[in-house]
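Okay, structure first, notes after.
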Amino acid sequence: MWDFLRKEMKGFTINEMAGYLENYGFIIKTQTKRCISAIDKYGFLEFFFCTK
Numbered sequence: 001m002w003d004f005l006r007k008e009m010k011g012f013t014i015n016e017m018a019g020y021l022e023n024y025g026f027i028i029k030t031q032t033k034r035c036i037s038a039i040d041k042y043g044f045l046e047f048f049f050c051t052k
């Protein structure tokens, strides 16, 4: 659903990704070294993986 965000965040660190997602209105549920799970404004749980 949020593929454009995944493309924009390529090369980001995990903390940069978390901040970017919060600016888009996501609520961060969990954050690990490689993965962020966040809820979007529609209530869907999305997973974002860090490759850096």
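Following UniProt numbering, the numbering of the sequence shown begins with 1 at its first residue and continues without gaps.
A virtual CB, placed ideally from N, CA and C, is assigned to each residue, including glycine.
For L21, count neighbouring Cβ atoms within 10 angstroms of its own Cβ and tell me buried if that reaches 16, exposed if not. With 16 or more Cβ atoms within 10 Å of its Cβ, L21 is classed as buried.
Taking C-alpha atoms, which residue in T51, F4, D3, Y42 lies nearest to C35? That would be T51, whose Cα lies nearest to the Cα of C35.
Measuring straight from C-alpha to C-alpha, what distance separates E46 and K33? Distance between the alpha carbons of E46 and K33 is about 16 Å.
Which value, in whole angstroms, describes the spacing of the CA atoms of N25 and N15? Residue identity check: residue 25 is Gly in the sequence provided, not Asn. Counting only the Cα atoms, N15 lies some 16 Å from G25.
Roughly how many whole angstroms lie between the Cα atoms of F49 and N23? The alpha-carbon atoms of F49 and N23 are separated by roughly 18 Å.
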